[in-house]
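In the numbering used here, the protein residues as written are 37 to 461. For each residue, glycine too, the CB sits at the ideal point set by N, CA and C. These numbers come from a predicted model, not from an experiment.
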Amino acid sequence: MNDVMIAISIFVLVYAAIVSEKVDRTAVALLGGMATIMLIHSYTQEQAFHAIDLNVLLLLTGMMVIANIMSDTGVFQWLGVQAIQLGKGNPTRIMQILVLITALSSALLDNVTVVVLLAPVTLVATANLKINPIPFLIAEVLASNIGGTATLIGDPPNILIGSAANIDFLTFLLQMGPYVLVTLIFFVFGIPLLFKKQLRIANDEAEEQAPIDASSLITDTMLLRQSLIVLSLVLLGFMLHGALHLETATVALAGAATLMLWTKQTAHEVFQHVEWGTLMFFVGLFVLVEALVEVGAIDTAAKWLLTATQGNETVTTLVLLWASGILSGVVDNIPYTATVIPIIQELGNNGMNTWPLWWALAIGADIGGNFTLVGASANVVVASFAERSGHKISFLTFTKYGAATSFAALLIATFYLWIRYLAVF
37 MNDVMIAISI
47 FVLVYAAIVS
57 EKVDRTAVAL
67 LGGMATIMLI
77 HSYTQEQAFH
87 AIDLNVLLLL
97 TGMMVIANIM
107 SDTGVFQWLG
117 VQAIQLGKGN
127 PTRIMQILVL
137 ITALSSALLD
147 NVTVVVLLAP
157 VTLVATANLK
167 INPIPFLIAE
177 VLASNIGGTA
187 TLIGDPPNIL
197 IGSAANIDFL
207 TFLLQMGPYV
217 LVTLIFFVFG
227 IPLLFKKQLR
237 IANDEAEEQA
247 PIDASSLITD
257 TMLLRQSLIV
267 LSLVLLGFML
277 HGALHLETAT
287 VALAGAATLM
297 LWTKQTAHEV
307 FQHVEWGTLM
317 FFVGLFVLVE
327 ALVEVGAIDT
337 AAKWLLTATQ
347 GNETVTTLVL
357 LWASGILSGV
367 VDNIPYTATV
377 IPIIQELGNN
387 GMNTWPLWWA
397 LAIGADIGGN
407 FTLVGASANV
417 VVASFAERSG
427 HKISFLTFTK
437 YGAATSFAAL
447 LIATFYLWIR
457 YLAVF
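In structure tokens form, the structure reads like this:
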């Protein structure tokens, strides 16, 4: 068996095991990753470990530390009550409010950071109403991937595309902003339809809340003030990280360490609440997907798809959009984007207009993350939060809602790309 078949076989087996939910997903991802190193002769440990994106892992670690320290202040309980009061106790309205907050925040911040901060709020709000949090968490993570499509810093593939095509922040926003706005409107108003059964149950089960003095929920004002100061500086650092020549992980870890020292928190107290299982799942996934990249499986698939269009600009753009959307739901969108970028550049060298191709790739790679539970980092993080609170998000449950949302968003993108870049009136 050649290296390509070995890599694909291991990937399929791991993916099937994750979907079956009969084994621990972290253990099977790590075993699959290590198996690729041992069985693929052209794939070394050095290559595999180099593929582990420490920026993602350490960004997650830093933000989990900050969120865990903030949780001791009662601020998440306060925000949960605020969401209930703003939505007047109506689960549908509360979900729509949380979705809007998530999407708008994800346009300015990395969507992983957003869900780390908002997941605890959602769990508190739904616990107060005594309703199932899973539909709310799924809706939020879907919204985070939609919102992150709008800006250069909203999702990692956008950063890669912006760098390769020399696209600045404002240009990216002007090109993608209208699409995201339209898609978000459809998503917000489509929530009652998408989660019809779950919201009907939630409306029946939701308990009427007695008036609550929200201010009484803040248990440590000084710690909250310290946390908000550090969090504000971290968020500012995220928005300016390009100008500062700093990675987001550096900013997050600096903020976490500063908050620990300022509040006299010990490493033992703080790090015991970090989701180490989630981080190790990503390690296995990075190694596993990099094996597909190294043996040329992803490159071959992308080239075949683009060659099949025979150089037609409209067909190439739309095939790239849908192929990126589907493939990014199966493999991590970062290596996929990195693989497709040189192919687009080569098409440009051969005379094709690449402007619509960049936007097709951006939308497909970002929106495709909604297809499955492992399609985007934010999805896995939210699933871990839910599991820790005693509510498991199954692979198939997420895919049922994620695939429907992705299909609708890609359909909107098809019309958007055609009208804005491809149609000749």
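(request) Determine the DSSP secondary structure at Asn181, reduced to helix, strand or coil. (result) helix
(message) Restricting to Cα atoms, I'd like to know which of Ile42, Val101, Glu57 is closest to Val310.
(response) Val101
(request) Whole angstroms is fine: what's the gap from Ile507's alpha carbon to Ile265's? (result) Coverage of the chain is limited to positions 37 through 461, which leaves residue 507 absent and any answer about it impossible.
(request) Note down, one range per segment and in chain order, each alpha helix (DSSP H) of at least 4 residues found wholly within the segment 181-240. (result) 192-201, 205-230
(message) Can you tell me whether Asp204 is buried or exposed? The criterion is at least 16 other CB atoms within 10 Å of its CB, across all chains shown.
(response) exposed
(request) Compute the Euclidean distance between the alpha carbons of Lys300 and Ala285, then round it to the nearest angstrom. (result) 22 Å
(request) Just the C-alpha distance for Ser199 and Val366, rounded to the nearest angstrom, thanks. (result) 24 Å
(request) Check whether the Cβ atoms of Ala186 and Val216 sit closer than 8 Å, and answer yes or no. (result) yes
(request) Check Lys428 in the structure and name its three-state DSSP category. (result) coil
(message) Helix, strand or coil, according to DSSP, for Ile76 in the structure here?
(response) coil
(message) Could you tell me the alpha carbon to alpha carbon distance between Ala43 and Gly123, rounded to whole angstroms?
(response) 49 Å
(message) On the criterion of 16 or more Cβ atoms from any shown chain inside 10 Å, does Val48 qualify as buried, or is it exposed?
(response) exposed
(request) Using the Cα positions of Met106 and Ala163, report the straight-line distance between them to the nearest angstrom. (result) 19 Å
(message) When you compare the segment 437-451 with the segment 398-417, are there three or more beta-carbon pairs, one atom per stretch, that lie closer than 8 Å?
(response) yes
(request) Helix, strand or coil for His304, going by three-state DSSP, please let me know. (result) helix
(message) Using C-beta distances below 6 Å, list every residue in its chain close to Ala368, excluding the 5 sequence neighbours before and after it, in chain order.
(response) For clarity, residue 368 is Asp in the given sequence; the question names Ala instead. Excluding sequence neighbours, Asp368 sits near Val325.
(request) Confirm, please, whether the CB-CB distance from Ile197 to Thr373 is below 8 Å. (result) yes
(message) Taking the beta carbon of Gln308 as the centre, do at least 16 other beta carbons fall within 10 Å, making it buried, or is it exposed?
(response) exposed
(message) Let's see if you can read the secondary structure: which residues bound the alpha helix (DSSP H) around Met316?
(response) 312-330
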